[in-house]
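Colleague:
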Amino acid sequence: MDLILRGVSHGYDRTEVLADISIEIAAKEIVCIIGPSGCGKSTLLRLIGGLEHPKAGEVLMRGEPPSGSLNPLTYVFQDFALLPWRSVEGNISLALEDHRLSAAERSAIIDDVLRRTKLTDFRKALPRQLSGGMKQRVAIARALSVRPAVMLMDEPLSALDSQTRELLMDDLIDLWQREAFTACYVTHNLAEAVRLGHRIVVMSRRPGRIREVVEIDVPLGERMRNLALMEERQRHLWELMREEALAADRELADVG
Ligand SMILES: Nc1ncnc2c1ncn2[C@@H]1O[C@H](COP(=O)(O)OP(=O)(O)OP(=O)(O)O)[C@@H](O)[C@H]1O
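For any residue, its number in the numbering used here is found by taking its place in the sequence shown, counting from 1, and adding 91.
(1) Looking only at its own chain, which residues have a Cβ that is under 6 Å from the Cβ of residue 218, when we skip the five neighbours before and after it?
(2) According to DSSP, is residue 107 helix, strand or coil?
(3) How should residue 222 be labelled, buried or exposed, when 16 other C-beta atoms within 10 angstroms of its C-beta is the threshold for buried?
(4) State yes or no: is the C-beta of residue 321 within less than 8 Å of the C-beta of residue 125?
(5) Consult DSSP for residue 290 and reduce its assignment to one of helix, strand or coil.
(6) Within a Cβ cutoff of 7 Å, which residues of the same chain sit near residue 162, ignoring the five residues on either side of it in sequence?
(7) Hey, is residue 108 close to ligand 1, as in C-beta under 7 Å from one of its heavy atoms?
(8) Count Cβ pairs between the stretch 144 to 158 and the stretch 180 to 191 that sit closer than 8 Å; are there 3 or more?
(9) Could you check which residue in 167, 142 and 327 has the C-alpha nearest to that of residue 245?
(10) Under a three-way DSSP split, which group does residue 248 fall into?
(11) Could you pull out every residue in the same chain whose Cβ sits closer than 6 Å to the Cβ of residue 127, ignoring the five residues on either side in sequence?
(12) How would you label residue 274, buried or exposed, when you count the other beta carbons within 10 angstroms and need 16 or more for buried?
(13) Note down, in chain order, each residue of its chain lying with its Cβ closer than 7 Å to the Cβ of residue 301, except the 5 sequence neighbours on either side.
(14) Quick check on residue 262: does DSSP put it in helix, strand or coil?
(15) Can you pull the DSSP bridge partners for residue 274?
(16) Between residue 152 and the rest of its own chain, which residues show a CB-CB distance below 8 Å, the 5 nearest in sequence each way excluded?
(17) Cutting at 8 Å between CB atoms, please list the residues of its own chain near residue 133, excluding the five before and the five after it.
(18) Beta carbon of residue 279: closer than 7 Å to some heavy atom of ligand 1?
(19) Quick check: the Cα distance between residue 202 and residue 211, rounded to an integer number of angstroms?
(20) Can you tell me whether residue 126 sits near ligand 1, meaning its C-beta is under 7 Å from at least one heavy atom of the ligand?
(21) Would you kindly report the start and end of the unbroken beta strand (DSSP E) that includes residue 151?
(22) Between residue 136 and residue 298, is the Cβ-Cβ spacing less than 8 Å?
(23) Give me the Cβ distance between residue 328 and residue 281, rounded to the nearest whole Å; I'm assuming they're in contact under 8 Å.
(24) Taking DSSP's pairing of strands, which residues face residue 165 in a bridge?
(25) Would you say residue 132 touches ligand 1, meaning its beta carbon is less than 7 Å from a heavy atom?
And the structure:
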């Protein structure tokens, strides 16, 4: 299933937040969204997920969701959003409880996502027993359990230290290579965008418009062997971002 945004604009009261966003996210593609603080990245994810409706334009889905999909759009948040009193298995099962599944079906889904996220041995653990990186793997397992057409990932690695972030990026690439998923991935981190994005949408400061879409035509698994090229792409992204970030910063300082 492809996701299509056509002329999406949005705002709150008199604040224009997003202006005329048009983009298509193809099945099995990871599209990263980068842009200065406050340019509307999280708002864009909420509009895609249907939590809010755009003031103008439309969000469309083309084609069928993956077979067995229980929920075409699902979120992964920065703060993991796990219930502390539920085990790893219990947190994953939460996403499945609203669906008509037999106990055997539910258990098979949980087995599968635990295996894919290398969490099988932690099935009974509580969130407080897990590291930040493992908590986020649980959140990713929970998102995968509904076989989403598109995962909406809002800075999923931002709360983690840099080593854990590196390891989780490897995990996400491994996960994608074994069974490709589709994601719209918001990040502030340009290194993350060039490691994980097939395409990177660079947004302007508020009202967020698409400034440029940068394609990275190196397979995800080969990027660490092409460090010079990745650095060059990252530099290009930074050049695009720098001016916008400086202007956004000045605007925030004026408000403060
Ligand atoms: N529910 C709301 N009501 C009013 N204003 C809002 C609401 N949600 C977001 N905004 C405003 O919309 C703008 C965009 O917010 P959003 O969180 O989407 O930006 P962002 O690019 O994700 O920011 P950041 O990078 O800092 O996380 C901000 O100015 C924010 O204050």
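Each residue gets a CB set at the ideal place from its N, CA and C atoms; glycine is no exception. Just so it is clear, the structure is predicted and the values come from calculations on it, not from any experiment.
Modeller: Put simply:
(1) Result list for residue 218: 173, 175 and 226, in chain order.
(2) Looking at residue 107 - three-state DSSP - the assignment turns out to be strand.
(3) With fewer than 16 other Cβ atoms within 10 Å, it is exposed.
(4) Their beta carbons are not under 8 Å apart, which means residue 321 does not touch residue 125 by this criterion.
(5) DSSP, reduced to helix, strand and coil, places residue 290 within a strand of the structure shown.
(6) Cβ within range, chain order: 237 and 239.
(7) With a cut-off of 7 Å, the C-beta of residue 108 is classified as near ligand 1, since at least one heavy atom of the ligand falls inside that distance.
(8) By the Cβ rule, the stretch 144 to 158 does not count as touching the stretch 180 to 191, because fewer than three pairs are nearer than 8 Å.
(9) Nearest C-alpha to residue 245: 167.
(10) For residue 248, the secondary structure class from DSSP, reduced to helix, strand or coil, is coil.
(11) In chain order, 296, 335, 336 and 339 place their CB closer than 6 Å to the CB of residue 127, counting only its own chain and leaving out the 5 sequence neighbours on each side.
(12) It counts as buried.
(13) Once the five neighbours on either side are set aside, the close Cβ partners of residue 301 are 112, 114, 292 and 294.
(14) DSSP places residue 262 in helix when its eight states are reduced to three.
(15) BP columns for residue 274 point to 121 and 242.
(16) Excluding five sequence positions before and after residue 152, the CB atoms of its chain that fall closer than 8 Å to its own CB belong to 92, 93, 94, 95, 163 and 240, given in chain order.
(17) Once the five neighbours on either side are set aside, the close Cβ partners of residue 133 are 245 and 277.
(18) It does: the Cβ of residue 279 is within 7 Å (strictly closer) of some heavy atom of ligand 1.
(19) Approximately 7 Å between the Cα atoms of the pair.
(20) Correct: residue 126 has its Cβ closer than 7 Å to ligand 1.
(21) Looking at the DSSP string, the run of the beta strand (DSSP E) that includes residue 151 is 147 to 153.
(22) Their beta carbons are not under 8 Å apart, which means residue 136 does not touch residue 298 by this criterion.
(23) About 5 Å separates the two Cβ atoms, so the contact holds.
(24) Residue 165 pairs with 242.
(25) Residue 132: yes, Cβ under 7 Å from ligand 1.
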